[in-house]
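Colleague: Structure in structure tokens, see below.
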Amino acid sequence: KVLPSIGNEVLKAVVAQFNADQLLTERPHVSALVRDALIRRAREFNIILDDVAITHLSYGIEFSQAVEKKQVAQQEAERSKFLVAKAEQERRAAIVRAEGESESARLISEATAAAGTGLIELRRIEAAREIAAELARSPNVAYVPAGDNGRMLLGLNAAGFGR
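My numbering puts the first residue of the sequence shown at 51, with every later residue one more than the last.
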């Protein structure tokens, strides 16, 4: 009965000096401290211990659950950091994109001011050509040009018509 009580006493005293992570990572050091303390304490009862080995270290259910919750919380914290960094990158990209669009609008405005309305008219003609080319490729669309006052060119502008 003496040895188990000495063992419990020494284990509690040594284990209390470390946190759970240290018990796992510094297992050889903890074992040495337990061995030395057990040998000294057993000598007081005229018991000679040759060697002590800690072969299995287990934790209670509550502690295991706490460790698991801590790991989950750390993973969630890392994910949150990642999401914050990603949002920051997206914000910076949006700023760069907006600055580029602003610069583009400024350059177009300057070019329009320098060239007058000729540039706008050129763009309008180019757009009309693209639309006409697209409509020409479509078999379901018939293009009928309009004459004066929006009337189709069917000879309706002759005298007596359109009045």
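Backbone N, C-alpha and C fix where the C-beta goes; we use that ideal spot for every residue, glycine too.
Quick one: Cα of V134 to Cα of R142, how far?
Modeller: In the sequence shown, counting from the first residue as 1, residue 134 sits at position 84. In the sequence shown, counting from the first residue as 1, residue 142 sits at position 92. Using only the alpha carbons, I get a separation of about 12 angstroms.
Colleague: Among N69, A87, A164, L83, which one has its Cα closest to the Cα of I56?
Modeller: Taking the sequence shown and counting its residues from 1, the one referred to as residue 56 is at position 6. Of the candidates N69, A87, A164, L83, the one whose C-alpha sits nearest the C-alpha of I56 is A87.
Colleague: What does the Cβ neighbour count give for R147, buried or exposed, with the cut at 16 atoms within 10 Å?
Modeller: Translated into the one-based positions of the sequence shown, residue 147 becomes position 97. R147 is exposed by the Cβ-count criterion.
Colleague: Please work out which residues of its chain come closer than 6 angstroms, Cβ to Cβ, to G110, disregarding the five sequence neighbours upstream and downstream, and give them in chain order.
Modeller: Here the question's residue 110 lines up with position 60 in the sequence shown. For G110, where only same-chain residues beyond five positions count, there are no Cβ hits under 6 angstroms.
Colleague: Identify whether E127 lies in helix, strand or coil by the three-state DSSP scheme.
Modeller: For the purposes of this step, residue 127 is taken as the residue at position 77 of the sequence shown. A small correction: the amino acid at residue 127 is Ala; Glu does not occupy that position in the sequence shown. Correct three-state label for A127: helix.
Colleague: Between A137, F68, A178, which lies nearest to E84 when the distance is taken from Cα to Cα?
Modeller: As a working note, residue 84 is residue 34 in the sequence shown. Here the sequence assigns Val to residue 84, which means Glu is not the residue at that position. The residue with the shortest Cα to Cα distance from V84 is F68.
Colleague: Contact check, L169 vs T162 under 8 angstroms by CB: the rounded distance?
Modeller: On the sequence shown, residue 169 is found 119 positions in, with the first residue counted as 1. On the sequence shown, residue 162 is found 112 positions in, with the first residue counted as 1. Confirmed, about 5 angstroms.
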